[in-house]
Structure formats: structure tokens, C-alpha cells
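**Student:** One structure follows; several queries about it will come next.
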Amino acid sequence: MKILITGGAGYIGNILTPHLLSKGHNVTVLDNLIHRQHGIIENCNDNNFTFVYGDVRTPETYKPLISSHDVIINLAAYVGMPLCKRFPHETKQVNQDSAEFLAKNISKDQYIIHATTNSGYGLGQHQEGKAVYCNEETPLKPISLYGETKCAAEKAIMQTGNSTSFRLATVMGISRKMRMDLLVNDFTYRAWNDRFIVLFESHFLRNFIHVRDVAKAFSFSIENHSQMSNQVYNVGNTSANVNKMQLCETIKKYVPEFYITESEINKDPDQRNYIVSNDKIEKLGWGCDFSLDHSVQEILKACPVIKNTNCPFSDI
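Printed below as a string of C-alpha cells:
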């Protein structure tokens, strides 16, 4: 297959690109390299890899790439609540407007795989602090600009008639383009570097997934296109639907001196609190290979590299 990955030099794209190349696909990455990430360069030794320096907001660059590929994997996004709040105009342009442009310029024979977020459920603030069970039929109630734009993008793309949307759990693990603002990555680094953490609303539940299992899900969708097209799927590790205290206790197994305390004063600005069902995609035969424990251990191995190379602790 000829596959275009937008935002393919990012955290997920740096794992997904070599994964798809290893399957024999022709992969083109479109990225504006706003974070000066260079990990994608190692794929240049593969004859099936092409890099295009450009932006999904530039029609004259994006439109011909859309028309010349069989599959478009839509990863390009401003991600996370703080970043989107800081750059609201750019967030809407990249997350929503470019997805709507893609939907308008796709043919019926082409396949879109859209990456969105299960934060779109956003139910924590509506349930008086109690965790809510969510499946793909649960109404979307995003509580941030990030969630709002990604949900709007999903709506546009799912109207094309030949697309799949993955509502991803919070991603964790090591990539050539690291993100240290993600919860497991962040908490594990704090345990290693600071040896303590103060938790707000430690009972809030999240679902997590390793970045390599995310890549596996995209590949699985391509291989099962006819079965999965026109469907939305939650994609997470069912065994890693844990609250913040349970996450810290998992980390403490590997950093025994990690001191965990709680504060009753402050609130978590991210009010998500839910148990997410991944049954729909699991029933098709997909499953995770990497556990929460594995993720914590690999991040701990990487901590000296992260600290001594000034790895960015946010996405911009």
C-alpha cells in the first residue's frame, strides 16, 4: 500500500513509520518539523520511505499527496490541553480544519485512519467525581479545545464512507521523538528524578496504551480494512485502566524510595475520570503486547538520556 502519514515525525509517527515499512508498505511522511525532531531521518535508508517537508494547512502541498496515496493516516495535531489553550487558532487549523479538508478531497477508493482521543468522552466533571464506563456509543462531551477539535475532525472524516477512527487512550512509552507531558512518562520521570510526587484527585481513572501497540493498531486496521471501515474504536490496554494512585504504586515497585502524597486543596485541571471499554477492537483479534509495568521500566532506563539531552517536557 502507498501510505501517507501526516505529522509522521511526531511521537507516534516515529514508531509507526518504521513499523509500516517493515510490513513492506510505501510510506510518505508529511511534517513541518516544528519541534525540530530528527528521529525520522533513520528511515531514509529504506527505498520505500519518502519525507515531505510541509504542512497540512497548505493546500498546494497537501492536496496532491492526498490524491496519490491509498491510505492516509491522520496524526497531524496540536495535542494536549495546555498546548491547545496556548495556541487556539493553530489548534483549530491543524486539528479540525485540515481534517475537514482531507474529508473533502478524498476519493471513495481511498482509506482514512484518523487518530483522535478518548478524552472526547470528557465525563469526569459531570459525574461528581465518580468514574464512568465508556464505550464507543457513549456520547462525546469534550471538556477542552483539544477534545472539541478532535471530535469535530472525527465527525467530518467518518462521513466520507471509507474511514476508521481510533479513540486512543493516553499513550506511554519511548519514542525517537519523546513526549514527557504524558502521564505515565511524566510520573515515571518524576519518580526517578525528584523521588516524590503530590497527587490531586488520585482516584481519577485513565486508560493507557504503549506507543508500539498504537502502531500495531494502525497496521491491524490496514490489514482488516474491509471489516473495520466506517467504524470507531476505542484503542487502549484494558489491563492499564488505572487511577493515578495505582499508577504511582506501579512505579514505586521499581523506585522503592518514591514518596507519594496527596493534596486535598487543588484540583486536577484535567477532569477526566473513566473506565474505557476496548472490547470492540479486541473482539476482532487485536490486543496489546506491552504492559504498564513494561512501559515504566523502559522509561526508567531512558531517564538518564532524557535528563542529559534536555528532552522537551512539553510538545512545543
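Numbering (the numbering used here), first residue to last: 220 to 535. Backbone N, C-alpha and C define an ideal beta-carbon position, used for all residues, glycine too.
1. Please confirm whether Val-454 and Ile-500 have their CB atoms less than 8 Å apart.
2. Would you say Val-515 and Ile-470 are within 8 Å of each other, going by their C-beta atoms?
3. In or out: Cys-263 buried (at least 16 other Cβ within 10 Å) or exposed?
4. Looking at the C-beta of Ala-371, does it have a partner C-beta in chain B at a distance below 8 Å?
5. Where DSSP assigns a beta bridge to Ser-384, which residues make up the other side?
6. Specify the secondary structure class of Phe-423 as computed by DSSP and reduced to three states.
7. Answer yes or no: do Asn-337 and Leu-387 have a C-beta to C-beta separation smaller than 8 Å?
8. CB-CB under 7 Å to Pro-307, same chain, minus the five flanking residues each way: which ones, in chain order?
9. My understanding is that Asn-449 touches Leu-424, with C-beta atoms under 8 Å, so please give their C-beta distance in whole angstroms.
10. Assign His-345 to one of two classes, buried (16 or more other C-beta atoms within 10 Å of its C-beta) or exposed (fewer than that).
11. Would DSSP call Leu-321 helix, strand or coil?
12. Below 7 Å CB to CB, which residues in the same chain sit around Leu-359 once its five sequence neighbours on both sides are set aside?
13. Determine the DSSP secondary structure at Val-474, reduced to helix, strand or coil.
14. DSSP on Phe-437, reduced to helix/strand/coil?
15. Assuming Tyr-272 is part of the beta strand (DSSP E), what are its boundary residues?
16. Is Lys-520 buried or exposed, if buried means 16 or more other CB atoms sit within 10 Å of its CB?
17. Cβ of Tyr-452 within 8 Å of Cβ of Phe-385?
**Tutor:** Inspection of the coordinates gives the following:
1. Within the sequence shown, numbered from 1, the residue matching residue 454 stands at position 235. Within the sequence shown, numbered from 1, the residue matching residue 500 stands at position 281. Contact flag set, yes.
2. Start at 1 with the first residue of the sequence shown, and residue 515 comes out as number 296. Start at 1 with the first residue of the sequence shown, and residue 470 comes out as number 251. Yes; because the gap between Cβ atoms is below 8 Å, this pair is in contact.
3. The residue you call residue 263 lines up with position 44 of the sequence shown. By the neighbour-count rule (16 or more Cβ atoms within 10 Å), Cys-263 is not buried but exposed.
4. The structure shown contains no chain B; it holds only a single protein chain.
5. Position 165 of the sequence shown holds residue 384. According to DSSP, which records beta bridges pairwise, Ser-384 is partnered with His-333, Val-451.
6. Taking the first residue of the sequence shown as position 1, residue 423 is located at position 204. Coil, per DSSP.
7. One-based indexing of the sequence shown puts residue 337 at position 118. One-based indexing of the sequence shown puts residue 387 at position 168. Against a cut-off of 8 Å, the Cβ pair of Leu-387 and Asn-337 comes out as a contact.
8. Taking the sequence shown and counting its residues from 1, the one referred to as residue 307 is at position 88. These residues qualify, in order along the chain: Leu-364.
9. Indexing the sequence shown from 1 puts residue 449 at position 230. Indexing the sequence shown from 1 puts residue 424 at position 205. Wrong, their Cβ atoms sit about 30 Å apart, outside the cutoff.
10. Taking the sequence shown and counting its residues from 1, one reaches residue 345 at position 126. Interpretation of His-345 is limited by its pLDDT of 48, a score under 50 that renders its predicted location unreliable; the figure taken from the coordinates is listed afterwards. His-345 comes out exposed.
11. Translated into the one-based positions of the sequence shown, residue 321 becomes position 102. Helix.
12. The residue labelled residue 359 in the question sits at position 140 within the sequence shown. Closer than 7 Å at the Cβ level, and outside the excluded window around Leu-359, lie Gly-339, Tyr-340, Cys-370.
13. Indexing the sequence shown from 1 puts residue 474 at position 255. Three-state result, Val-474: coil.
14. As a first step, residue 437 is located in the sequence shown; it is residue number 218 there, counting from the start. Here Phe-437 sits in helix by DSSP.
15. To locate residue 272, count along the sequence shown from 1; it is residue 53. From DSSP, the beta strand (DSSP E) with Tyr-272 extends over 268 to 272.
16. The residue labelled residue 520 in the question sits at position 301 within the sequence shown. Counting Cβ neighbours within 10 Å, Lys-520 comes out exposed, since fewer than 16 surround it.
17. Residue 452 sits at position 233 when you count from the first residue of the sequence shown. Residue 385 sits at position 166 when you count from the first residue of the sequence shown. Yes; because the gap between Cβ atoms is below 8 Å, this pair is in contact.
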